[in-house]
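For what it's worth, the numbering used here labels the leading residue of the sequence shown as 2, then goes sequentially. All C-beta atoms, glycine included, are put in the ideal place defined by N, C-alpha and C.
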Amino acid sequence: MRRRFANKFFSRGQIVSAMLMAYTHGAQDGQKFMGVMYLALVVGGIYPAMEGVMKIPTWIMIFCSIVMAIGTSIGGYRIIKAMGLDMVHLEKYQGFSAEIVASFSMLAATFYGIPLSTTNTKATAMMGAGASQGINKVDWGIAKEMLTAWVLTFPACMLLGYVFATVIRSILI
(Lines of atoms letter the chains of each structure in order from A and count residues from 1; the text may use other names and numbers.)
(Lines give C-alpha, C1' and ligand atoms only; values in the text may rest on other atoms or scores of the structure.)
Protein backbone atom coordinates (compact mmCIF):
# COMPACT_ATOMS: atom_id res chain seq x y z
CA MET A 1 0.00 0.00 0.00
CA ARG A 2 2.79 2.45 0.92
CA ARG A 3 4.64 1.70 -2.32
CA ARG A 4 1.55 2.31 -4.44
CA PHE A 5 0.88 5.63 -2.69
CA ALA A 6 4.52 6.68 -3.12
CA ASN A 7 4.48 5.79 -6.83
CA LYS A 8 1.28 7.76 -7.36
CA PHE A 9 2.62 10.73 -5.37
CA PHE A 10 5.96 10.84 -7.21
CA SER A 11 4.31 10.28 -10.60
CA ARG A 12 2.39 13.49 -10.01
CA GLY A 13 5.46 15.11 -8.50
CA GLN A 14 7.40 14.33 -11.67
CA ILE A 15 4.95 16.44 -13.66
CA VAL A 16 5.91 19.42 -11.49
CA SER A 17 9.62 18.55 -11.51
CA ALA A 18 9.56 18.12 -15.32
CA MET A 19 7.95 21.56 -15.66
CA LEU A 20 10.62 23.04 -13.39
CA MET A 21 13.31 21.28 -15.43
CA ALA A 22 11.85 22.68 -18.66
CA TYR A 23 11.80 26.17 -17.15
CA THR A 24 15.42 25.98 -16.01
CA HIS A 25 16.45 24.47 -19.37
CA GLY A 26 14.96 27.53 -21.08
CA ALA A 27 16.49 29.90 -18.53
CA GLN A 28 19.97 28.40 -19.05
CA ASP A 29 20.12 27.41 -22.70
CA GLY A 30 17.60 29.94 -23.97
CA GLN A 31 19.81 32.83 -22.87
CA LYS A 32 22.74 31.37 -24.78
CA PHE A 33 20.75 30.90 -28.00
CA MET A 34 19.19 34.35 -27.80
CA GLY A 35 22.54 36.00 -27.13
CA VAL A 36 24.26 34.25 -30.04
CA MET A 37 21.37 35.00 -32.40
CA TYR A 38 21.24 38.66 -31.34
CA LEU A 39 25.01 38.98 -31.76
CA ALA A 40 24.88 37.40 -35.24
CA LEU A 41 22.12 39.81 -36.31
CA VAL A 42 24.04 42.83 -35.00
CA VAL A 43 27.39 41.74 -36.48
CA GLY A 44 25.66 40.92 -39.78
CA GLY A 45 24.19 44.41 -39.89
CA ILE A 46 20.64 43.06 -39.89
CA TYR A 47 19.76 44.44 -36.47
CA PRO A 48 21.02 47.78 -35.14
CA ALA A 49 23.53 47.75 -32.30
CA MET A 50 22.35 49.54 -29.18
CA GLU A 51 24.74 51.17 -26.77
CA GLY A 52 24.38 50.59 -23.07
CA VAL A 53 21.76 48.03 -22.14
CA MET A 54 21.22 45.16 -24.55
CA LYS A 55 17.53 44.38 -25.03
CA ILE A 56 16.68 41.15 -26.78
CA PRO A 57 13.66 41.69 -29.08
CA THR A 58 10.56 39.68 -28.23
CA TRP A 59 10.52 37.97 -31.63
CA ILE A 60 13.99 36.52 -30.94
CA MET A 61 12.76 35.16 -27.59
CA ILE A 62 9.73 33.54 -29.24
CA PHE A 63 11.77 32.18 -32.14
CA CYS A 64 14.41 30.67 -29.84
CA SER A 65 11.70 29.15 -27.61
CA ILE A 66 10.07 27.46 -30.60
CA VAL A 67 13.39 26.21 -31.99
CA MET A 68 14.42 24.85 -28.56
CA ALA A 69 11.07 23.07 -28.17
CA ILE A 70 11.34 21.50 -31.62
CA GLY A 71 14.98 20.53 -31.09
CA THR A 72 14.23 18.96 -27.72
CA SER A 73 11.26 17.08 -29.20
CA ILE A 74 13.29 15.73 -32.11
CA GLY A 75 16.69 15.12 -30.53
CA GLY A 76 15.64 14.59 -26.95
CA TYR A 77 14.67 10.95 -27.37
CA ARG A 78 18.25 9.84 -28.02
CA ILE A 79 19.47 11.58 -24.85
CA ILE A 80 16.52 10.30 -22.81
CA LYS A 81 17.17 6.74 -24.03
CA ALA A 82 20.90 6.90 -23.27
CA MET A 83 20.42 8.35 -19.79
CA GLY A 84 17.04 7.06 -18.67
CA LEU A 85 17.04 3.58 -20.13
CA ASP A 86 20.64 2.58 -20.76
CA MET A 87 22.72 4.37 -18.09
CA VAL A 88 20.43 3.95 -15.09
CA HIS A 89 16.90 2.74 -14.37
CA LEU A 90 15.22 4.99 -11.82
CA GLU A 91 12.23 4.46 -9.60
CA LYS A 92 9.72 7.31 -9.59
CA TYR A 93 11.06 8.85 -6.39
CA GLN A 94 14.59 8.74 -7.79
CA GLY A 95 13.55 10.44 -11.02
CA PHE A 96 11.75 13.10 -9.01
CA SER A 97 14.82 13.58 -6.80
CA ALA A 98 17.16 13.87 -9.78
CA GLU A 99 14.93 16.42 -11.54
CA ILE A 100 14.46 18.54 -8.43
CA VAL A 101 18.20 18.57 -7.67
CA ALA A 102 19.14 19.32 -11.29
CA SER A 103 16.47 22.03 -11.55
CA PHE A 104 17.46 23.86 -8.39
CA SER A 105 21.16 23.57 -9.24
CA MET A 106 20.49 25.11 -12.63
CA LEU A 107 18.20 27.74 -11.16
CA ALA A 108 20.89 28.82 -8.67
CA ALA A 109 23.52 28.87 -11.42
CA THR A 110 21.21 30.94 -13.64
CA PHE A 111 20.65 33.42 -10.82
CA TYR A 112 24.41 33.88 -10.45
CA GLY A 113 25.03 33.96 -14.22
CA ILE A 114 26.92 30.67 -14.31
CA PRO A 115 26.36 28.70 -17.53
CA LEU A 116 25.63 24.99 -17.07
CA SER A 117 24.78 22.17 -19.42
CA THR A 118 21.26 20.86 -18.89
CA THR A 119 22.31 17.39 -20.03
CA ASN A 120 25.37 17.25 -17.78
CA THR A 121 23.48 18.52 -14.76
CA LYS A 122 20.58 16.12 -15.18
CA ALA A 123 22.83 13.15 -16.04
CA THR A 124 24.95 13.54 -12.93
CA ALA A 125 21.85 13.99 -10.75
CA MET A 126 20.46 10.78 -12.26
CA MET A 127 23.72 8.95 -11.56
CA GLY A 128 23.55 10.04 -7.94
CA ALA A 129 19.89 9.10 -7.57
CA GLY A 130 20.48 5.71 -9.20
CA ALA A 131 23.53 5.02 -7.05
CA SER A 132 21.42 5.62 -3.93
CA GLN A 133 20.11 2.06 -4.33
CA GLY A 134 23.56 0.65 -4.95
CA ILE A 135 26.59 1.76 -6.90
CA ASN A 136 26.06 -1.15 -9.32
CA LYS A 137 22.66 0.25 -10.41
CA VAL A 138 24.45 2.72 -12.71
CA ASP A 139 26.07 1.59 -15.97
CA TRP A 140 29.40 3.26 -15.32
CA GLY A 141 30.57 2.38 -18.84
CA ILE A 142 28.01 4.82 -20.28
CA ALA A 143 28.82 7.32 -17.54
CA LYS A 144 32.52 7.02 -18.49
CA GLU A 145 31.69 7.67 -22.17
CA MET A 146 29.76 10.80 -21.19
CA LEU A 147 32.56 12.01 -18.92
CA THR A 148 35.13 11.43 -21.66
CA ALA A 149 33.02 13.46 -24.10
CA TRP A 150 32.66 16.29 -21.56
CA VAL A 151 36.39 16.35 -20.79
CA LEU A 152 37.42 16.27 -24.47
CA THR A 153 34.91 18.89 -25.62
CA PHE A 154 36.66 21.90 -24.08
CA PRO A 155 40.20 21.35 -25.37
CA ALA A 156 38.96 20.09 -28.76
CA CYS A 157 36.76 23.15 -29.28
CA MET A 158 39.55 25.45 -28.11
CA LEU A 159 41.99 23.85 -30.56
CA LEU A 160 39.50 23.91 -33.45
CA GLY A 161 38.60 27.53 -32.69
CA TYR A 162 42.29 28.43 -32.81
CA VAL A 163 42.83 26.54 -36.09
CA PHE A 164 39.78 28.00 -37.83
CA ALA A 165 40.55 31.56 -36.71
CA THR A 166 44.18 31.19 -37.80
CA VAL A 167 43.17 29.84 -41.23
CA ILE A 168 40.57 32.56 -41.74
CA ARG A 169 43.01 35.27 -40.63
CA SER A 170 45.66 33.98 -43.05
CA ILE A 171 43.16 34.02 -45.92
CA LEU A 172 41.57 37.40 -45.20
CA ILE A 173 44.44 39.39 -43.74
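Assuming residue i contacts residue j (C-beta within less than 8 Å), just tell me the rounded distance between them.
i	j	result
Phe97	Gly14	5 Å
Ile61	Met38	6 Å
Val89	Asp140	7 Å
Lys138	Phe11	Contact doesn't hold; Cβ gap of about 17 Å is too wide.
Quick check on the DSSP output: the alpha helix (DSSP H) that includes residue i runs from which residue to which?
i	result
His26	Arg3 to His26
Gly129	Thr119 to Ala132
Met51	That residue, Met51, is in no alpha helix (DSSP H); it is neither H nor E in DSSP.
Tyr78	Thr59 to Ile81
Lys33	Gln32 to Val44
Looking at the strands, I want to know which residues DSSP matches up with residue i.
i	result
Val89	Val139
Is it buried or exposed for residue i, if we count other Cβ within 10 angstroms and need 16 for buried?
i	result
Asp214	Residue numbering for the chain in the displayed model covers 2 to 174; residue 214 lies beyond these limits and cannot be assessed.
Ala166	exposed
Thr17	The question names Thr, yet the displayed sequence has Val at residue 17. Burial call: exposed.
Met20	exposed
Ala99	buried
Met84	buried
Lys123	buried
Val68	exposed
Val168	exposed
Gly1	There is simply no residue 1 to check, as the chain begins at 2 and stops at 174 in what is shown.
Cys142	Note on residue identity: the sequence assigns Gly, not Cys, to residue 142. Looking at its Cβ environment, which holds fewer than 16 other Cβ atoms inside 10 Å, Gly142 is exposed.
Gly45	exposed
Thr154	exposed
Thr149	exposed
Ala103	buried
Ala157	exposed
Would you check if the stretch 53 to 68 and the stretch 106 to 116 touch, i.e. whether three or more CB-CB distances between them fall below 8 Å? Segments in contact, no.
Is there contact between the stretch 113 to 131 and the stretch 41 to 51, where contact requires at least three CB pairs shorter than 8 Å? Output reads no: the stretch 41 to 51 does not touch the stretch 113 to 131.
If you pair each beta-carbon of the stretch 77 to 84 with each one of the stretch 130 to 139, do three or more pairs fall below 8 Å? The stretch 77 to 84, when compared against the stretch 130 to 139, does not touch it at the 8 Å Cβ threshold.
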